[in-house]
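Chemist: Below are the structure tokens for one structure; questions will follow.
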Amino acid sequence: MGRWQRWFRKGAARGVRPTPQAPAGMFKTVSRVADLDSFGGNWGSYVGMPNDTPFSMLEVYRFLRDAIPDVSDAIWTWKRLCQTGYTVEFTGASSAVAKARAKRLVATLDRRVNSGDRGMEGLLDIFYASLFTYGAAAVEIVLSKSRESIWDVVPVDVWTVRFRREEGRLQAYQVVNGESIKLPMERFIYVGLDRDGTNPYGRSMLRSIPFVVKIQQRLIEDMAKATHNAGWNKLHVKYGVEERGRGESVDSYQERMQANLMALRDKLSGLETDQNVVTYDNVDISLLRGDQQSQVFYDNHKAIEEQVITGMHLMPILLGRNYGTTETYGTAQFEIINRQVEGINRSVQRMLERLYNFELALMWGEAEARVRMGVNRTVDVLKEAQAREKEIGNALRLREAGLLDEAGAKEALQLTVDG
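Reading the sequence shown from the start, the letters are residues 240 to 658 in this note's numbering.
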């Protein structure tokens with residue numbers, strides 16, 4: 240039996256075949272996808288993004304990420320929050336040798352992917368950056384020449400990916416310089432964030448903030464101009480003209496007044512901070528905006544900034560803004576964020592399991608990889624440890640009472656179950 244025949248046999252048994260075929264006679268769905276009209280007029284064309292969003296917006300998102308500080312900080316924060324690490328467990332091994340071989344293959348694959356540039360760590364860094372910028376991330380599995388192992392896993396630029404419906408299923412294409420490249424769906428992995436209905440594309444969280452960012456940047460620009468002109472108190476000098484002398488011509492009088500005014504201006508322009516002004520009583524010096532205590536720009540900018548933070552699905556505490564006075568306020572925000580991180584990392588977990596099991600399906604022997612994503616520690620480590628202690632105590636008491644066996648207790652505690 241050839242290597243590929245073994246892969247299909249084991250893949251079918253494990254459920255890792257990427258494109259299973261529906262059995263003959265299976266009922267078809269009654270509902271229809273939104274991008275196909277009743278006459279099939281859109282058949283053969285690329286599926287559009289939700290709300291007729293142009294594909295050019297994907298490159299706008301990248302510009303916002305690189306140019307707007309609040310957006311850049313939010314993307315950076317999301318990436319680091321989700322990089323919790325993971326462990327790989329091996330189950331269903333046919334022998335101890337097969338399990339050791341599976342560990343070796345997975346470790347080697349981790350170093351080889353992403354063309355060897357930081358391996359799986361570098362690939363996941365690119366993956367998260369794409370996911371939070373464009374709302375989607377994609378990778379392609381590259382097989383070796385012998386097709387007996389995965390040679391590489393490379394990121395795919397998702398802003399070039401388009402989908403088309405062919406023979407009742409989605410087919411991915413990459414559009415580069417007007418050329419359409421059909422992508423191998425059995426080796427192409429696309430993860431869309433917040434997909435909408437039957438639309439295959441992910442939805443970027445940056446989609447809700449371009450208008451707000453425009454207002455924010457205009458406000459900052461106006462603030463810079465206003466600060467330059469009115470940010471500092473200014474002296475207003477009034478020079479009361481003198482009476483014209485007897486026998487003094489009009490021209491001579493005007494020249495004398497102009498010379499006095501210029502001399503006063505020169506004197507004030509070179510005045511040091513610790514120097515005082517001494518003049519005749521026909522010179523009046525007043526302070527403009529002497530009652531100015533603060534500017535209103537900060538409050539206005541903070542209101543707009545909060546809209547940006549909300550649009551990025553973050554909490555103010557994670558960007559250095561905490562409007563509460565208690566620890567509970569910040570802790571509650573962090574707990575909510577951790578729930579979102581766990582939801583996103585479940586998609587990453589499935590992607591990693593597909594990659595590892597794809598590689599293991601090509602090896603001699605039987606073994607299956609199971610990925611367990613790490614979680615961010617809570618703010619209060621002591622409370623976390625106490626809660627874990629009670630969980631373990633409850634599981635042991637249930638086992639002693641005969642309500643759980645050893646496997647059930649391990650499952651309740653989310654421990655590895657050998658099998």
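Backbone N, C-alpha and C define an ideal beta-carbon position, used for all residues, glycine too. The structure presented is a predicted model; accordingly, all values stated were derived computationally and were not measured.
Is F302 helix, strand or coil when you go by DSSP?
Modeler: Here residue 302 refers to the residue found at position 63 of the sequence shown. Looking at F302 - three-state DSSP - the assignment turns out to be helix.
Chemist: In the DSSP assignment, the alpha helix (DSSP H) including G436 goes from what residue to what residue?
Modeler: Locating residue 436 in the sequence shown gives position 197, counting from the first residue. First-last for G436: undefined, no H or E at that position.
Chemist: Could you work out which residue in G613, V587, T512 is closest to L474 when comparing CA atoms only?
Modeler: Within the sequence shown, residue 474 is the residue found at index 235, counting from 1. Measuring from the Cα of L474, the nearest candidate turns out to be T512.
Chemist: Where R403 and G361 are concerned, what is the direct C-alpha to C-alpha distance, given to the nearest angstrom?
Modeler: Position 164 of the sequence shown, counting from 1, holds the residue named residue 403. Position 122 of the sequence shown, counting from 1, holds the residue named residue 361. Straight-line Cα distance between these residues: approximately 30 angstroms.
Chemist: Please classify W317 as buried or exposed, where buried requires at least 16 neighbouring CB atoms within 10 angstroms.
Modeler: Here the question's residue 317 lines up with position 78 in the sequence shown. Looking at its Cβ environment, which holds 16 or more other Cβ atoms inside 10 Å, W317 is buried.
Chemist: Within 8 angstroms, do at least three Cβ pairs link the stretch 403-414 to the stretch 356-376?
Modeler: No, the stretch 356-376 is not in contact with the stretch 403-414.
Chemist: Do L507 and Y478 count as a contact pair if the criterion is CB distance below 7 angstroms?
Modeler: As a working note, residue 478 is residue 239 in the sequence shown. As a working note, residue 507 is residue 268 in the sequence shown. No.
Chemist: Could you check which residue in V397, S354, P394, F294 has the C-alpha nearest to that of S383?
Modeler: Taking the sequence shown and counting its residues from 1, the one referred to as residue 383 is at position 144. Out of V397, S354, P394, F294, S354 has the C-alpha closest to the C-alpha of S383.
Chemist: Let me make sure I understand the geometry here. Which of L503, N633, R578, W603 has the alpha-carbon closest to that of A337?
Modeler: Reading the sequence shown from its first residue, position 98 is the one you call residue 337. Ranking L503, N633, R578, W603 by Cα distance to A337 puts W603 first.
Chemist: Pairs of beta-carbons, one from the stretch 572-581 and one from the stretch 301-310, closer than 8 angstroms: are there three or more?
Modeler: Too few Cβ pairs lie closer than 8 angstroms, so no.
Chemist: Can you tell me which of the three DSSP states F402 falls into?
Modeler: By one-based count along the sequence shown, residue 402 stands at place 163. Reduced to three states, the DSSP call for F402 is strand.
Chemist: In this structure, how does DSSP classify E490 when only helix, strand and coil are distinguished?
Modeler: As a working mapping, residue 490 is identified with position 251 in the sequence shown. Here residue 490 turns out to be Asp, not Glu, going by the sequence shown. Residue state, collapsed to three classes: helix.
Chemist: So for V395, helix, strand or coil by DSSP?
Modeler: Counted from its first residue, the sequence shown places residue 395 at position 156. Of the three classes helix, strand and coil, the one that applies to V395 here is strand, per DSSP.
Chemist: Report the partner residues of H475 according to the DSSP bridge assignment.
Modeler: In the sequence shown, residue 475 corresponds to position 236, counting from 1. According to DSSP, H475 bridges with S525.
Chemist: For the alpha helix (DSSP H) containing Q625, name the first residue and the last one.
Modeler: Sequence index remark: in the sequence shown, residue 625 carries index 386 (1-based). Run containing Q625: 620-639, per the alpha helix (DSSP H) assignment.
Chemist: So, are the CB atoms of I448 and V327 less than 7 angstroms apart?
Modeler: Mapped onto the sequence shown, residue 448 falls at position 209. Mapped onto the sequence shown, residue 327 falls at position 88. Cβ atoms of I448 and V327: not closer than 7 angstroms.
Chemist: Taking Cβ positions, are V610 and E630 nearer each other than 7 angstroms?
Modeler: Translated into positions along the sequence shown, residue 610 becomes position 371. Translated into positions along the sequence shown, residue 630 becomes position 391. No. Outside cutoff.
Chemist: Less than 7 angstroms between the C-beta atoms of Y595 and V272, yes or no?
Modeler: To locate residue 595, count along the sequence shown from 1; it is residue 356. To locate residue 272, count along the sequence shown from 1; it is residue 33. No, they are not a contact pair.
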